[in-house]
Structures are given as C-alpha cells and as structure tokens.
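Please read the structure below before turning to the comments.
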Amino acid sequence: MRVAVVTFPGSNCDYDCYKALQLFPEFSPEFRWHRDRELGGVDAVFLPGGFSYGDYLRPGAIARFSPIMESVTAFARAGGPVIGICNGFQLLCENGLLPGALLRNESLRFRSHEVHVRVETERSPFTLAYEKGSVLRFHIAHGDGNYHADRETLAMLEGEDRIAFRYVTPSGDLGPGSNPNGSAHNIAGILNTERNVLGMMPHPERSVEALLGSTDGLGIFHSLRAHLSGATAPLATTATEAAPRD
Amino acid sequence: MKPRRGLLDPQGKATQHALESLGFGEAREVRVGKVMDLEVEAAGPDQASERVEEMCRKLLANPVTEDYEVSVVGEVSE
C-alpha cells in the first residue's frame with residue numbers, strides 16, 4: 001500500500017508521518033515534493049503539519065496552489081483517502097476540499113500540549129478501527145486551530161455525521177477546559193461529504209509509540225490499512241495496540 | 001481586508017479590551033485586518049481594480065472569513 005506524504009517548504013511533520021507509516025509493514029510511505037506534478041499510483045495521501053510557506057498570508061493559503069495539489073485534489077475527488085493534519089487541515093479548508101476555515105486560536109496563544117478528543121464517527125477510512133465515543137489522547141501544536149464555519153455548514157456537518165473528532169475533557173465531556181482553541185462545537189476534525197477526506201488539528205502521528213506517551217494515534221493507521229484491504233464496516237478492534245513488527 | 005462582521009475576532013477583542021483599560025471605553029467594536037499595497041501594471045485604474053479583485057477572490061482573501069475592499073490609490077510613474 002503506497003502512501004504519499006507531501007512536503008511543502010516549511011512542512012515539519014512529514015517525517016513523523018513517514019515514520020508512523022513505517023510501523024506498519026503493509027505501508028510503503030513515499031515523500032512527494034510540492035513541485036512534483038504527479039502523485040503516482042499511491043493509495044492514500046498525507047498532508048502533514050508544519051508552517052508551509054511560513055503561514056504567510058494565511059496558513060495553507062499558498063501551499064494550496066503548489067503543483068502537487070492538482071494531483072492531490074484529483075485523487076481526492078476520485079475518492080482516494082486523503083488526511084490533512086494540522087497545516088494539512090488548514091490547506092484542505094483553503095482549497096475547498098473541506099468546508100470552513102481555521103482561525104487564530106481564541107486565546108491568541110500558540111497551544112502546544114496534550115488534548116483529549118472523542119471519536120464521533122467510525123464511518124471513514126481513518127476512523128473505522130476506533131470505537132465511537134472513545135476518548136483518545138493526542139497532542140496539538142498550533143496557533144490557528146480555531147475551526148469556524150457558518151451556521152448552515154455546522155448544521156450540515158452535524159447532521160451528516162461528518163464530525164470525526166471533538167475536543168473533550170479527559171472524562172469525555174464538553175465541559176470547561178475541553179476546548180483548547182475556541183473551535184465551533186469543539187470540532188477537532190471533520191470529513192468531506194464523500195467521507196474520504198479527513199482534516200484534523202491534533203497530531204495522531206505523534207501518538208504511535210508508548211515511548212511518546214500515547215499510542216492512541218495508531219487507530220488512524222489501522223483504519224487506513226483495513227480500508228485499503230477492503231474493509232468497509234466499522235471494526236472496533238484493539239486499535240491502540242502497537243502494530244506487529246516484521 | 002478584515003474579519004467578516006459577526007465573526008469572532010480574538011485580536012480585535014483583545015485590542016478592544018486593552019483600549020477599554022486605557023480609558024477608551026467608547027471604542028465598542030474593533031476588528032483587526034490588514035492592508036496590502038499592490039503595484040499593478042495595467043492599462044488604467046479600472047483594469048487594475050478588476051485584476052486585483054480577481055486576485056482577492058483567488059488568493060489574497062479567504063471568502064469564508066474575510067471581507068475586502070479594493071481601491072486605487074494612485075499611479076506610479078514609469
């Protein structure tokens with residue numbers, strides 16, 4: 001299963017995504033440079049976190065016009081699984097593959113710390129290995145993670161079960177302290193209408209080894225692997241167990 | 001360009017609170033945006049405006065979150 005990890009000037013989480021993918025013998029991660037025109041015959045695409053183009057103008061605003069994005073957009077529109085993490089999520093909102101926008105954190109401060117998110121839907125190539133309602137420990141590191149969309153869009157996202165993750169307290173509720181950046185409806189991650197494109201602000205690729213403090217991010221990769229192997233129904237497996245190594 | 005009306009503008013809010021604490025409580029609403037100066041080669045001001053509007057739509061502004069205004073402020077001689 002070939003997975004492209006796209007690097008823009010300023011991306012800095014590309015290696016973390018690559019190494020997380022390497023934990024699974026089935027995945028062959030391959031870097032793609034923003035100037036490459038062709039994605040090649042890959043099965044999935046990662047748009048990693050970082051500060052592409054220094055976040056100049058707006059985060060992701062310039063990266064969306066990179067040559068590689070034409071290929072990525074076509075891949076996404078054809079149903080290919082695409083995940084945008086942090087800056088990748090910002091990029092996907094800027095280029096319209098996902099609705100809404102990521103604004104400056106409500107606190108105006110860069111937030112770099114652990115958060116808890118709740119899995120809101122298992123119906124996607126990236127979440128089918130999780131159990132809906134599970135509370136996961138991820139990390140965020142962003143200054144512009146405040147998800148915003150107009151009332152109609154938010155209603156649509158809720159109504160169509162397209163909210164993938166929501167920020168919660170460690171006990172799994174939306175009480176005080178749950179929302180690190182002011183995101184509408186505590187939204188941490190969303191899906192497009194066809195459910196093949198996921199954008200999320202937290203970094204699952206940083207929660208893939210016990211040494212890093214949390215392995216809750218493994219479920220994203222388990223899900224993708226299962227999806228590419230043909231699984232379509234949700235399968236709440238031991239999503240947070242370390243992948244078997246060769 | 002500036003954040004759309006009705007959108008929570010954290011920078012604007014922080015600025016407004018700062019003004020308030022300095023005794024400028026009469027500043028009710030503050031929105032913080034940005035100004036871009038573009039030198040555009042064009043046949044005339046109308047054409048320049050039109051092209052810059054297109055630039056705004058395509059790249060310079062995010063229509064979900066920003067309102068913008070284009071105005072021609074002068075001419076640069078060759």
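Protein sequence lines correspond, in order, to chains A and B.
If you're matching positions, the first sequence starts at 1 in our numbering and goes up one per residue.
If you're matching positions, the second sequence starts at 1 in our numbering and goes up one per residue.
From the three backbone atoms N, C-alpha and C, an ideal C-beta is built for every residue, glycine too.
Query	Result
Since I believe A/P48 is in contact with A/T17 (beta carbons under 8 Å), could you give me their beta-carbon distance rounded to a whole number of angstroms?	A quick correction: the sequence has Cys, not Thr, at residue 17 of chain A. At roughly 5 Å, the Cβ-Cβ gap stays under 8 Å, so A/C17 and A/P48 are in contact.
Give me the DSSP bridge partner(s) of A/R118.	A/V135 and A/R166
If contact means a Cβ-Cβ distance below 7 Å, which residues of the stretch 143-155 of chain A contact chain B?	H148
How would you list, in chain order, the residues of chain B whose beta-carbon sits under 9 Å from the beta-carbon of A/L103?	P3, L7, L8, D9, P10 and T65
Where does A/T153 fall in DSSP's three states?	helix
If A/L191 sits next to A/S124, beta carbons under 8 Å apart, how far is it from one beta carbon to the other, in whole angstroms?	5 Å
What residues in the stretch 48-62 of chain A have a beta carbon less than 9 Å from any beta carbon of chain B?	L57, R58, A61 and I62
Roughly how many angstroms lie between the CA atoms of A/V3 and A/F27, to the nearest whole one?	7 Å
Listing by chain order, which chain B residues have their CB less than 7 Å from the CB of A/G100?	V64
Indicate whether at least one CB of chain B lies closer than 9 Å to the CB of A/G40.	no
Would A/S107 pass as an interface residue toward chain B - the criterion being a Cβ-Cβ separation below 9 Å?	yes
Taking 8 Å as the threshold, find out whether the stretch 114-122 of chain A comes into contact with the stretch 166-180 of chain A through three or more Cβ pairs.	yes
Could you pull out every residue in the same chain whose Cβ sits closer than 7 Å to the Cβ of B/L38, ignoring the five residues on either side in sequence?	V52
For the stretch 11-28 of chain B and the stretch 77-91 of chain A, state whether three or more C-beta atom pairs, one from each stretch, are separated by less than 8 Å.	no
Report the neighbours of B/A14 on chain A: residues whose CB is nearer than 7 Å to its CB, in chain order.	L108
Should the stretch 106-113 of chain A be regarded as contacting the stretch 200-211 of chain A, the criterion being three or more beta carbon pairs within less than 8 Å?	no
Under 9 Å, Cβ to Cβ, is there at least one residue of chain A near B/L19?	no
Ignore the nearest five residues each way along the sequence and tell me which others in A/S178's own chain have a CB closer than 7 Å to its CB.	Y167, V168, T169 and N186
Please name the residue in A/D36, A/W33 and A/G40 whose C-alpha comes closest to that of A/M1.	A/G40
Round the Cβ separation of B/R4 and B/D67 to the nearest angstrom and send it over; I've been treating them as touching at under 8 Å.	5 Å
Quick one: residues in its chain with C-beta nearer than 8 Å to the C-beta of B/E20, no 5 flanking neighbours on either side, listed in chain order?	A27
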